[in-house]
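**Student:** Residues 1 to 325, numbered by UniProt numbering, are exactly what the sequence shown covers, in order.
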Amino acid sequence: MRAVIATEPGGPEVLTVAELPDPEAGPGEVVLDVAAAGLNRADLLQRMGFYPPPPGASDVMGMECSGTVAAVGPDVEGWSVGDRACALLAGGGYATKVAVPAGQLMPIPDGVDLVTAAALPEVACTVWSNVFMVAGLQPGEAFLVHGGAGGIGTMAIQLASELGAKVFTTGGTAEKLAACAALGADVTINYRDEDFVEVIREVTDGRGVDVILDNMGAKYLGRNVDTLATEGRLVIIGMQGGTRAELDINALLRKRGAIIATTLRSRPTAEKSAICASVVEHVWPLVAEGLVQPIVHGTMPLAEARAAHALMESGDHMGKILLTT
Numbered sequence: 001m002r003a004v005i006a007t008e009p010g011g012p013e014v015l016t017v018a019e020l021p022d023p024e025a026g027p028g029e030v031v032l033d034v035a036a037a038g039l040n041r042a043d044l045l046q047r048m049g050f051y052p053p054p055p056g057a058s059d060v061m062g063m064e065c066s067g068t069v070a071a072v073g074p075d076v077e078g079w080s081v082g083d084r085a086c087a088l089l090a091g092g093g094y095a096t097k098v099a100v101p102a103g104q105l106m107p108i109p110d111g112v113d114l115v116t117a118a119a120l121p122e123v124a125c126t127v128w129s130n131v132f133m134v135a136g137l138q139p140g141e142a143f144l145v146h147g148g149a150g151g152i153g154t155m156a157i158q159l160a161s162e163l164g165a166k167v168f169t170t171g172g173t174a175e176k177l178a179a180c181a182a183l184g185a186d187v188t189i190n191y192r193d194e195d196f197v198e199v200i201r202e203v204t205d206g207r208g209v210d211v212i213l214d215n216m217g218a219k220y221l222g223r224n225v226d227t228l229a230t231e232g233r234l235v236i237i238g239m240q241g242g243t244r245a246e247l248d249i250n251a252l253l254r255k256r257g258a259i260i261a262t263t264l265r266s267r268p269t270a271e272k273s274a275i276c277a278s279v280v281e282h283v284w285p286l287v288a289e290g291l292v293q294p295i296v297h298g299t300m301p302l303a304e305a306r307a308a309h310a311l312m313e314s315g316d317h318m319g320k321i322l323l324t325t
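(1) Since residue 121 is in the alpha helix (DSSP H), which residue starts that stretch and which ends it?
(2) Can you grab the Cα-Cα spacing for the pair residue 33 / residue 78, in whole Å?
(3) Going by other Cβ atoms of all chains shown within 10 Å of its Cβ, with 16 needed for buried, is residue 216 buried or exposed?
(4) Who are the Cβ neighbours of residue 202 in its own chain at under 7 Å, not counting the five residues just before and after it?
(5) Buried or exposed for residue 41, going by 16 or more other Cβ atoms inside 10 Å?
(6) Could you have a look at residue 80 and say whether DSSP puts it in helix, strand or coil?
(7) Taking residue 233 as part of the beta strand (DSSP E), name the residues at either end of that continuous run.
(8) Can at least three beta-carbon pairs, one atom from the stretch 304 to 312 and one from the stretch 264 to 282, be found at a separation below 8 Å?
(9) Hey, how far is the Cα of residue 68 from the Cα of residue 167?
(10) Counting Cβ pairs, one atom from each stretch, are 3 or more of them under 8 Å apart for the stretch 57 to 71 and the stretch 112 to 122?
(11) How big is the Cα-Cα spacing for residue 292 and residue 248?
(12) Rounded to the nearest angstrom, how far is the Cβ of residue 177 from that of residue 171, given a contact under 8 Å?
(13) Going by Cα to Cα distance, which pick from 24, 129, 212 is closest to residue 98?
(14) Whole angstroms are fine: how far does the CA of residue 262 sit from the CA of residue 126?
(15) Secondary structure at residue 43, three-state DSSP: helix, strand or coil?
(16) Over what stretch of residues does the alpha helix (DSSP H) that includes residue 343 continue unbroken?
(17) With C-beta atoms as the reference, is residue 37 less than 8 Å away from residue 20?
(18) On the CB-based measure, 16 or more other CB atoms within 10 Å of its CB, does residue 314 come out buried or exposed?
(19) May I have the straight-line CA-CA distance separating residue 204 from residue 113, to the nearest angstrom?
(20) Which residues mark the beginning and the end of the alpha helix (DSSP H) in which residue 190 is found?
(21) Among residues of its own chain, excluding the 5 on either side of residue 156, which ones have a beta-carbon nearer than 7 Å to its beta-carbon?
(22) Output needed for residue 289: all residues of its chain with C-beta closer than 6 Å, excluding positions within five of it in sequence on either side, in chain order.
(23) Going by DSSP in three states, residue 74 sits in which element: helix, strand or coil?
(24) What first and last residue would you give for the alpha helix (DSSP H) that runs through residue 151?
(25) Given a cut-off of 8 Å on the beta-carbon distance, is the pair residue 226 and residue 251 in contact?
(26) Between residue 258 and residue 234, is the Cβ-Cβ spacing less than 8 Å?
(27) To the nearest angstrom, how far is the alpha carbon of residue 337 from that of residue 111?
(28) One question on the structure: do residue 211 and residue 135 come within less than 8 Å of each other, judged by their Cβ atoms?
(29) In chain order, what residues of the same chain have a beta carbon less than 6 Å from the beta carbon of residue 26, not counting five sequence neighbours either side?
(30) Over what stretch of residues does the beta strand (DSSP E) that includes residue 168 continue unbroken?
(31) Out of 244, 238, 231, 294, state which residue places its alpha-carbon closest to the alpha-carbon of residue 141.
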C-alpha cells in the first residue's frame, strides 16, 4: 500500500509517500480500502515528534478515514466485503489501506458521499463523547466552544444548537464568525479584539455558560473558569495554548465547577467502540436528515500531504481538510 510517513520529526517537509506492507485483518478487525482520510491537529503534533501513537497502533498518521471493506477478520459480525464505512482510528489513515477494530467502524449516514464521510468520525466522536456523554449538555443550557470554525468547532456548534443549547463561539476573522453564525452559533466573539469573558458575562447577565469545550489548554484556563456558570463543566481536549497554568481553586469551588481533561485516541478499543455506537445512534440520524452536516474546506491527494499540513498550520481553513487516495 501507499502511505504518508514522516522521515523524521519536523515540519511538513518531512512528509513523504512510501510503499508499506498491506495490513491484514486480525481477529475482530476489518481492512478498509481507504477513499479519504481527515486531518487533525494531533497529526501535526505526531509529525513534530510530540504525540506518538498508542502502543500497538500504526506509525502512519491519520485518526479517521472512509472507505470500502476489503477484508473481514475472524470474529467480526455485521460487516461484509464491499460495504462502505467510515472509521475512528488510533493511526494509519494516511494510506490506501488500513486495519480497523470492527467496533470503530461506522456506516456512512444517508446522504453523505464516500469521500466526505472521512470528515465525520473524529469530530462527531469527540464532540458527542465530551459535550454530551461526559459534560451532559442539556437543552436550554449555554455552551461555549473555542475555535468554532475548525473541524471540532463546526460540529460542536451544529450539534449543540440542534439539541437545544444556546451556543457561543470564538473565532479570529469576521468571515469565520459569519460562517459559525450560519451553522447555528447564537453569539460569536472575535478573540483578536474582544474578551470572551466580558462578552459572555454581558450577554448572560453575569451567569456564564454551563459547558465549555476548550482546545487551548493553559492559555485559557483562568478565563474559562471565570466564564463558567454555577455547576459549570469545562472540558479540555487540546493544548494549543500550552500545558501549564495556575488554577484559582477558590474560584472553581465557589462555582461548584468541574474541569475534565480527555483524549480519545488512547482510550481502549471497547471505550471507543461504545462511543462510536452512541454516535451512530444519536448523531447519524441528524446527519441523515440534513440537520447536521460535515463541513469540508477541501480535498488534496495523499501526495500533497505536505501542503495539507501547511494549510492546517496556517489556520486559513474552515472545517475539515481531507486527503484522498
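Even glycine gets a Cβ: it sits at the ideal position worked out from N, Cα and C. Every value quoted in this text rests on a predicted model; they were computed, and no experiment measured them.
**Tutor:** Quick look at the numbers:
(1) For residue 121, the enclosing alpha helix (DSSP H) starts and ends at 121 to 127.
(2) 18 Å
(3) Buried, because 16 or more other Cβ atoms sit within 10 Å of the Cβ of residue 216.
(4) none
(5) With 16 or more Cβ atoms within 10 Å of its Cβ, residue 41 is classed as buried.
(6) Coil.
(7) 228 to 236 is the extent of the beta strand (DSSP E) around residue 233.
(8) No, they do not touch.
(9) Taking the straight line joining both Cα atoms gives about 36 Å.
(10) yes
(11) 37 Å
(12) 5 Å
(13) 24
(14) 9 Å
(15) helix
(16) The requested residue 343 is not part of the displayed model; the chain covers only 1 to 325.
(17) no
(18) exposed
(19) 40 Å
(20) It is not in any alpha helix (DSSP H) - residue 190 instead sits in the beta strand (DSSP E) that spans 187 to 190.
(21) Cβ within range, chain order: 127, 131, 145, 213.
(22) Counting only Cβ-Cβ distances below 6 Å, and skipping sequence neighbours, we find nothing.
(23) coil
(24) Note, residue 151: alpha helix (DSSP H), 151 to 162.
(25) yes
(26) yes
(27) Any question about residue 337 goes unanswered here, given that the chain covers just 1 to 325.
(28) Between residue 211 and residue 135, the gap from beta carbon to beta carbon is short of 8 Å.
(29) 73
(30) 166 to 171 is the extent of the beta strand (DSSP E) around residue 168.
(31) The shortest Cα separation from residue 141 among 244, 238, 231, 294 belongs to 231.
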